[in-house]
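*Asks:*
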Amino acid sequence: KIAEAQDKLQAVQDAFDASTAADKEAARSLAEAKAREADAKASEEAALQREAAAKKAEQEALDREADAKAREQEALDREADAKAREADAVSRENDAKAAEADAVDRENKAKAAEADAIAEEDKAKAAEAEAKEAEAPFKAAQEEVEKALAAVKAEEDAYNAKTEELKAQAASDSVVKANRAKVSLDAHLAEDPLPLRKAKITLEAANKRADKARAPFQAASEKAEAARKVAQAAREEAEAKAREAESARQAASAAREQAEQARAAAVAAREQAEQARAAAVAAREEAVRVREAAEAARAQAVADREAAVAAREEAEAARAAAVAAREAAVAAREAAVEDRKRAEAARGAAEEAKARAEEAVAAAQAAVAEAEAFLEELKANPGSGHGALWWIDRELTEKKKYMPVSKGGIRN
Numbered sequence: 052k053i054a055e056a057q058d059k060l061q062a063v064q065d066a067f068d069a070s071t072a073a074d075k076e077a078a079r080s081l082a083e084a085k086a087r088e089a090d091a092k093a094s095e096e097a098a099l100q101r102e103a104a105a106k107k108a109e110q111e112a113l114d115r116e117a118d119a120k121a122r123e124q125e126a127l128d129r130e131a132d133a134k135a136r137e138a139d140a141v142s143r144e145n146d147a148k149a150a151e152a153d154a155v156d157r158e159n160k161a162k163a164a165e166a167d168a169i170a171e172e173d174k175a176k177a178a179e180a181e182a183k184e185a186e187a188p189f190k191a192a193q194e195e196v197e198k199a200l201a202a203v204k205a206e207e208d209a210y211n212a213k214t215e216e217l218k219a220q221a222a223s224d225s226v227v228k229a230n231r232a233k234v235s236l237d238a239h240l241a242e243d244p245l246p247l248r249k250a251k252i253t254l255e256a257a258n259k260r261a262d263k264a265r266a267p268f269q270a271a272s273e274k275a276e277a278a279r280k281v282a283q284a285a286r287e288e289a290e291a292k293a294r295e296a297e298s299a300r301q302a303a304s305a306a307r308e309q310a311e312q313a314r315a316a317a318v319a320a321r322e323q324a325e326q327a328r329a330a331a332v333a334a335r336e337e338a339v340r341v342r343e344a345a346e347a348a349r350a351q352a353v354a355d356r357e358a359a360v361a362a363r364e365e366a367e368a369a370r371a372a373a374v375a376a377r378e379a380a381v382a383a384r385e386a387a388v389e390d391r392k393r394a395e396a397a398r399g400a401a402e403e404a405k406a407r408a409e410e411a412v413a414a415a416q417a418a419v420a421e422a423e424a425f426l427e428e429l430k431a432n433p434g435s436g437h438g439a440l441w442w443i444d445r446e447l448t449e450k451k452k453y454m455p456v457s458k459g460g461i462r463n
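With my numbering applied, the sequence shown covers 52 to 463.
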């Protein structure tokens, strides 16, 4: 039993030593795995930071590129707008110049038309005066005859009226009045009234003068009559032309004033168009400069973006490598933890086995001590067989060789 216990104890001791060594190795491996995991996490964190920085730089480059493109497009739009405004200003300037020239031409034509109208009006007035002058002698003669005829008619009317009045009185119921009226009527009819006679004499004299004048100047009278008709027609035509000329002159004056206003407005519009064209030229030149600067900024932004993309790709590769290293370190740590757990379990089992072995050794030692005490008692008894005792003592000595020295064992 001592030998068996000793063998078990030795086996347990060997297992304990092996488990202790495995535990130490597992702890060392675990520490190394944790260190590698920490390094991997630090590398991964650094890679993530570099990747984030690269992504941020890439985004900033993209933003700058987009901003540069937007500013370039804006510059192109401003340049196109400036060119359009310049072309519009040139067109408006040309239109203003053409309008000014047209206004000047219309003003000149209006002035000429006004002068022609005034001349026609003067001609019409002169023709009307000539017609009136040509009509004057005939009109005077006609008025003289008409006055003489009117005087004769007035006297005849007065004579006839008095005759009728006396006839009415002669027909009265009163004999006295009737007789008196008849006498007056007879006297009235018998006498030659002075006013009527004078009027007839005047008319007769006028007719004689007319007859006397008509004979040598009959052809002239006929010519004068024809001239009067022509003059009258000419006067009427001249009056119509005068009215037409007056209207034309007024219209021409209004047209001239309107043309002058239009020319002044055209001059102002041309000057404004020239200023607008100069401003448009300056704006176009500024837009070209801004566009060129925007193109340069866009090119720089593209270069920055490409560099940022390369940096991001490099950071992503570094992060992938760091992730792989971290995953490997995590796997190694987990394996080391499992090894440490197994080593701790083995060490616990070894410690339990060692305790049981030590208990067995202690029991064996107690048995040996009890056997030695019993052997000493036998040796002290004279009746005991010495050969048997020697054999038992030898067996005990052999058993002690398998016991630890600290536990009462002996060395060979």
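All residues carry an ideal CB built from backbone N, CA and C; glycine is no exception. The model shown is predicted, which means the values in this text are computed figures rather than measured ones.
1. Look up serine 223 in the DSSP assignment and say whether it is helix, strand or coil.
2. Would DSSP call glutamate 322 helix, strand or coil?
3. Tell me the DSSP secondary structure of glutamate 242 in three-state form.
4. When you compare each of Lys198, Ser235, Glu194, Ser223 to tyrosine 210 by their alpha carbons, which one comes out closest?
5. Taking its Cβ as the centre, do 16 or more other Cβ atoms sit within 10 Å of valine 203, making it buried, or is it exposed?
6. Return the CA-CA distance between alanine 347 and lysine 120, expressed in angstroms with no decimal places.
7. Let me make sure I understand the geometry here. Which of Val341, Arg157, Asn230, Ala375 has the alpha-carbon closest to that of arginine 122?
8. What separation, rounded to the nearest whole angstrom, lies between the Cα atoms of lysine 75 and alanine 379?
9. So, for aspartate 355: in the same chain, excluding its five sequence neighbours on each side, which residues have a beta-carbon less than 6 angstroms away from its beta-carbon?
10. Are there three or more Cβ pairs, one per stretch, closer than 8 angstroms when the stretch 99-115 is compared with the stretch 357-369?
11. Could you tell me how far apart the beta carbons of alanine 229 and alanine 222 are, in whole angstroms, since I believe they sit closer than 8 angstroms?
12. Looking at glutamine 351 and alanine 115, is the spacing between their C-beta atoms short of 9 angstroms?
13. Thinking C-beta only, is glutamate 88 closer than 9 angstroms to arginine 384?
14. Can you give me the C-alpha to C-alpha distance between aspartate 128 and lysine 134, rounded to a whole angstrom?
15. Could you check how far apart the C-beta atoms of alanine 376 and serine 94 are, in whole angstroms? I think they sit under 8 angstroms.
16. When you compare only the Cα positions, how much space is there between glutamate 242 and lysine 174?
17. Note down, in chain order, each residue of its chain lying with its Cβ closer than 8 angstroms to the Cβ of arginine 231, except the 5 sequence neighbours on either side.
18. Assuming arginine 349 and lysine 106 form a contact by the criterion Cβ under 8 angstroms, report the distance between their Cβ atoms to the nearest whole angstrom.
19. Look at valine 46 and glutamate 130 and say whether their C-beta atoms are less than 9 angstroms apart.
20. Would you mind working out which of Ala212, Val374, Ala431 sits nearest proline 90, comparing C-alpha positions?
21. Of the choices Asn145, Lys85, Ala86, whose alpha-carbon is the least far from that of glutamate 322?
22. Excluding the five sequence neighbours on either side, which residues of its own chain have a C-beta within less than 6 angstroms of the C-beta of alanine 344, listed in chain order?
23. Pick from Glu389, Ala138, Ala199: whose alpha carbon is nearest that of arginine 79?
24. Just the C-alpha distance for arginine 393 and alanine 82, rounded to the nearest angstrom, thanks.
*Replies:* Quick look at the numbers:
1. Here residue 223 refers to the residue found at position 172 when the sequence shown is read from its first residue. Correct three-state label for serine 223: coil.
2. On the sequence shown, residue 322 is found 271 positions in, with the first residue counted as 1. Three-state DSSP puts glutamate 322 in a helix.
3. For the purposes of this step, residue 242 is taken as residue 191 along the sequence shown, with counting starting at 1. Glutamate 242: coil per DSSP, three-state reduction.
4. Position 159 of the sequence shown, counted from the start, is the residue given in the question as residue 210. Comparing Cα-Cα distances from tyrosine 210 to each of Lys198, Ser235, Glu194, Ser223, the minimum goes to Ser235.
5. Translated into positions along the sequence shown, residue 203 becomes position 152. Result: buried.
6. As a first step, residue 347 must be located in the sequence shown, where it is residue number 296. As a first step, residue 120 must be located in the sequence shown, where it is residue number 69. Whole-angstrom Cα-Cα distance: 10 angstroms.
7. Locating residue 122 in the sequence shown gives position 71, where the first residue counts as 1. When each option's Cα is compared against that of arginine 122, the closest is Val341.
8. By one-based count along the sequence shown, residue 75 stands at place 24. By one-based count along the sequence shown, residue 379 stands at place 328. If you take the alpha carbons of lysine 75 and alanine 379, they lie about 22 angstroms apart.
9. Start at 1 with the first residue of the sequence shown, and residue 355 comes out as number 304. If we look at aspartate 355 and ignore the five residues flanking it on each side, its Cβ neighbours are Ala112.
10. yes
11. What you label residue 229 is simply residue 178 of the sequence shown in a count that begins at 1. What you label residue 222 is simply residue 171 of the sequence shown in a count that begins at 1. Correct: roughly 7 angstroms between the Cβ atoms.
12. Numbered from 1 along the sequence shown, position 64 holds the residue referred to as residue 115. Numbered from 1 along the sequence shown, position 300 holds the residue referred to as residue 351. Note that residue 115 corresponds to arginine in the displayed sequence, not to alanine. In contact: arginine 115 and glutamine 351 (Cβ atoms closer than 9 angstroms).
13. Indexing the sequence shown from 1 puts residue 384 at position 333. Indexing the sequence shown from 1 puts residue 88 at position 37. Yes.
14. Against the sequence shown, residue 128 aligns to sequence position 77. Against the sequence shown, residue 134 aligns to sequence position 83. C-alpha separation (whole angstroms): 10 angstroms.
15. On the sequence shown, residue 376 is found 325 positions in, with the first residue counted as 1. On the sequence shown, residue 94 is found 43 positions in, with the first residue counted as 1. That belief holds up - the Cβ atoms of alanine 376 and serine 94 are roughly 6 angstroms apart, short of 8 angstroms.
16. Translated into the one-based positions of the sequence shown, residue 242 becomes position 191. Translated into the one-based positions of the sequence shown, residue 174 becomes position 123. When rounded, the distance between both Cα atoms is 60 angstroms.
17. Within the sequence shown, numbered from 1, the residue matching residue 231 stands at position 180. Hits under 8 angstroms: Gln220.
18. Here residue 349 refers to the residue found at position 298 when the sequence shown is read from its first residue. Here residue 106 refers to the residue found at position 55 when the sequence shown is read from its first residue. Actually they are not in contact, since the Cβ atoms of arginine 349 and lysine 106 sit about 21 angstroms apart, beyond 8 angstroms.
19. Absent from the structure is residue 46, since the part of the chain shown begins at 52 and ends at 463.
20. If you number the sequence shown from 1, residue 90 lands on position 39. Before going on, a small fix: residue 90 reads as aspartate here, not proline. If we check each option's Cα against that of aspartate 90, Val374 comes out closest.
21. Numbered from its first residue, the sequence shown carries residue 322 at position 271. That would be Asn145, whose Cα lies nearest to the Cα of glutamate 322.
22. For the purposes of this step, residue 344 is taken as the residue at position 293 of the sequence shown. There are no such residues.
23. Numbered from its first residue, the sequence shown carries residue 79 at position 28. Ranking the options by Cα distance to arginine 79, first place goes to Glu389.
24. Position 342 of the sequence shown, counted from the start, is the residue given in the question as residue 393. Position 31 of the sequence shown, counted from the start, is the residue given in the question as residue 82. Whole-angstrom Cα-Cα distance: 16 angstroms.
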